[in-house]
Every structure is written in C-alpha cells, then in structure tokens.
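Below is one structure, written out as structure tokens, with a few remarks after it.
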Amino acid sequence: MDPSIEFNSLARLRQDRKSSNHCSRESDPSQKELPVLPPSPELLKTLYDDCIHSTYTHDSPFGKKKSTYLDWFASGRPMRSIESVLSNTVLPFYANTHTHSTSTAKFTSASVANSRKTIIRCVNAQTAKGHRHEAVVLFCG
1 MDPSIEFNSL ARLRQDRKSS NHCSRESDPS QKELPVLPPS PELLKTLYDD CIHSTYTHDS
61 PFGKKKSTYL DWFASGRPMR SIESVLSNTV LPFYANTHTH STSTAKFTSA SVANSRKTII
121 RCVNAQTAKG HRHEAVVLFC G
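Each residue of the sequence shown is one higher than the one before, starting from 1 at the first, in the UniProt record's numbering.
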C-alpha cells in the first residue's frame, strides 16, 4: 500500500476521533455504550494482511517447524500501516528525551508528554475532584 494513502487514512481517522470526542470524560457517564459487533471477515483479513508476520522456522524434536507467535497480549505483532506512519512522521525527528538542547529532543519530549496526557485521559487515570482513581500510567523502557 502507498504510505501516503496509509498516512492520509490514519490522519482522517485521528480527525474523526477528535471530532467525536474520543476518550473524552466530559460526556454524560450515564450514557449506555453501543453494542460491540463481531468484526467482519473482510476486516479480519485486512488486519491480518497488514500484520508483519514472521516466516521463521526452527528445528524441533519433531523436525523443522514454523514459528507461531502467541504472546499477543504482551507484545502484539507490528502492523505495516502503523510502522509506516512511525517511520515517516516520528522517527525522522526522534531523539533522546533526557535532554532539551536540540529541536528533535524537544519534539520527542513533547510527544511523550502529550501521549501520557492522552493515555491518562483515555483510561481515566487522573485524579478527579473529590475522587481518587486506582489507575496510574507508568511509562517504562
């Protein structure tokens, strides 16, 4: 897929989420959530095809076997569309967050701070007036 198409699609999705108050805690909490529908076979195929799979094989006591990745909860497999956006829009400006002496370091530090605020809001981890939440956001690595 053409990376510009991927980026434009993700940019539209991001804008749609912004306009739909995605992750906002300002909406009425008594609103019922919409039912979750099972994904269509077409969507599953699209996601599968976008996933970067391993073709690694290894010698086992039962002969040569294809590697099967099963640890999806801890570390899912990378997706081509996401990796393309990261490669084209983030990595060219990526730098160490332990310094603020360069524009790239300032960009990376600001991106991490913005991501942290977004995640805190989306998982409702911030302390609200008169209520203390149990969740915290801890960036590791």
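C-beta atoms are modelled at their ideal positions from N, C-alpha and C, and glycine is treated no differently.
For Ala113 versus Thr104, is the C-beta distance shorter than 9 Å?
Taking the sequence shown and counting its residues from 1, the one referred to as residue 113 is at position 113. Taking the sequence shown and counting its residues from 1, the one referred to as residue 104 is at position 104. Cβ atoms of Ala113 and Thr104: not closer than 9 Å.
According to DSSP, is Cys140 part of a helix, a strand, or is it coil?
Here residue 140 refers to the residue found at position 140 of the sequence shown. Three-state result, Cys140: coil.
Roughly how many angstroms separate the alpha carbons of His98 and Val123, rounded to a whole number?
Mapped onto the sequence shown, residue 98 falls at position 98. Mapped onto the sequence shown, residue 123 falls at position 123. Spanning the two alpha carbons is a distance of roughly 26 Å.
Closest by C-alpha distance to residue 144, when choosing among Ser75, Ala125, Lys65, Val90
Since the first and last residues shown for the chain are 1 and 141, residue 144 lies out of range.
Which term fits Ser84, buried or exposed, when burial requires 16 or more other beta carbons within 10 angstroms of its beta carbon?
In the sequence shown, residue 84 corresponds to position 84, counting from 1. Ser84 is buried by the Cβ-count criterion.
Extract the residue ranges of the alpha helix (DSSP H) inside the segment 32-98, only unbroken runs of 4 or more that lie entirely within it.
41-50, 80-85
Identity of the residue in Ala74, Ser81, Ser54 nearest Lys66 by Cα
Within the sequence shown, residue 66 is the residue found at index 66, counting from 1. Per the Cα distances, Ser54.
Please classify Ser81 as buried or exposed, where buried requires at least 16 other C-beta atoms within 10 Å of its C-beta.
Within the sequence shown, residue 81 is the residue found at index 81, counting from 1. Buried, by the Cβ-count rule.
CA nearest to the CA of Arg121, picked from Ala110, Val137, Ser111, Ser60:
Stepping through the sequence shown from its first residue, residue 121 is reached at position 121. Comparing C-alpha distances from Arg121 to each of Ala110, Val137, Ser111, Ser60 shows the shortest one belongs to Val137.
Contact belief for Ile119 with Pro78 at Cβ below 8 Å, rounded distance in angstroms
Position 119 of the sequence shown, counted from the first residue, corresponds to residue 119. Position 78 of the sequence shown, counted from the first residue, corresponds to residue 78. The pair is not a contact, with the Cβ atoms about 20 Å apart (cut-off 8 Å).
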